[in-house]
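Colleague:
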Amino acid sequence: ETGVTQSPTHLIKTRGQQVTLRCSSQSGHNTVSWYQQALGQGPQFIFQYYREEENGRGNFPPRFSGLQFPNYSSELNVNALELDDSALYLCASSTGGVGEIEGYTFGSGTRLTVV
Amino acid sequence: AQSVTQLDSQVPVFEEAPVELRCNYSSSVSVYLFWYVQYPNQGLQLLLKYLSGSTLVESINGFEAEFNKSQTSFHLRKPSVHISDTAEYFCAVTSNTGNQFYFGTGTSLTVIP
């Protein structure tokens, strides 16, 4: 039990469609980050939210967007899916605020396949 | 920005033998270093971290890593591996001014009976 739950675990979408991935963090985890892990690669930072505000973004296009809610849940939305978006998407949360360094708790991820 | 290089993509080792997984980082600011482990079809689990203080850090399951600032390294070691240590290991770096982790490409550790 990691305390971070992601849904769905697996998903197949068609190129051009839109997808929403969900993450539920532990109470008190005010910081949530999303990572994309392509096959055989390390995770790549998409963006981070702190207390419902975006707090940094990696090198991903605007069609990747997110939301964080007061109940410690969050969403990753991807529009106009491309084949290269196929990957494991990881949600990670921590109690650390801006400037605080803590090890993140990762969820088990959502495996997205775009066909 | 920071970056991480994991020099070995695959490391096979016999059970009860020692192992070292190498990690080098690049950064222009002070860093914090982490090792994560990923078992098949699972997310990442924190193995150990260096934030400050003693440069040698240990995990509860026998792994240790040493922060070497002059060599910009944070190699992971275990004196005697078990079958259950078979997994993907990721080294990661961040800084106190940053908000993201930079991960290496991972090292697949396979323990051979």
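Chains A and B, in that order, give the protein sequences. According to my numbering, the first sequence is numbered sequentially starting from 2. According to my numbering, the second sequence is numbered sequentially starting from 591. Every residue gets a Cβ at the ideal spot worked out from N, C-alpha and C, and that includes glycine.
(1) Tell whether a beta-carbon distance below 8 Å holds between VAL621(B) and SER685(B).
(2) Measure the alpha-carbon distance for VAL20(A) versus GLY643(B) and round it to whole angstroms.
(3) Considering Cα atoms alone, identify which of GLY4(A), GLY41(A), GLY59(A) and ALA39(A) is closest to ILE47(A).
(4) From the DSSP output, read off the bridge partner residues of GLY59(A).
(5) Could you check what DSSP says for SER698(B) in three-state terms: helix, strand or coil?
(6) Beta-carbon of PRO9(A) versus every beta-carbon of chain B: anything under 8 Å?
(7) Is ARG39(A) buried or exposed, if buried means 16 or more other CB atoms sit within 10 Å of its CB?
(8) Report buried or exposed for SER109(A), applying the criterion of at least 16 other Cβ atoms within 10 angstroms of its Cβ.
(9) Tell me the DSSP bridge mates of CYS681(B)?
(10) Can you tell me which of the three DSSP states ILE650(B) falls into?
(11) Quick one: does ASN689(B) have its CB under 8 Å from some CB of chain A?
Modeller: If we stick to the structure as given:
(1) Here residue 621(B) refers to the residue found at position 31 when the second sequence is read from its first residue. Here residue 685(B) refers to the residue found at position 95 when the second sequence is read from its first residue. Yes; because the gap between Cβ atoms is below 8 Å, this pair is in contact.
(2) Here the question's residue 20(A) lines up with position 19 in the first sequence. Here the question's residue 643(B) lines up with position 53 in the second sequence. Roughly 44 Å separates the two Cα atoms.
(3) Residue mapping note: residue 47(A) aligns to position 46 of the first sequence, counting from 1. For the residues GLY4(A), GLY41(A), GLY59(A) and ALA39(A), the minimum Cα distance to ILE47(A) belongs to GLY59(A).
(4) Working through the first sequence from its first residue, we reach residue 59(A) at position 58. Bridge partners of GLY59(A): none, in fact.
(5) Here residue 698(B) corresponds to residue number 108 of the second sequence, with the count starting at 1. Strand at SER698(B).
(6) Within the first sequence, residue 9(A) is the residue found at index 8, counting from 1. At a cut-off of 8 Å, the C-beta of PRO9(A) has no neighbouring C-beta in chain B.
(7) Translated into positions along the first sequence, residue 39(A) becomes position 38. The residue you asked about is not Arg; residue 39(A) is Ala in the sequence shown. Exposed.
(8) Residue numbering aside, residue 109(A) sits at position 108 when the first sequence is read from its first letter. Per the 10 Å Cβ criterion, buried.
(9) One-based indexing of the second sequence puts residue 681(B) at position 91. Per DSSP, TRP625(B).
(10) Start at 1 with the first residue of the second sequence, and residue 650(B) comes out as number 60. Correct three-state label for ILE650(B): coil.
(11) Against the second sequence, residue 689(B) aligns to sequence position 99. So, interface residue.
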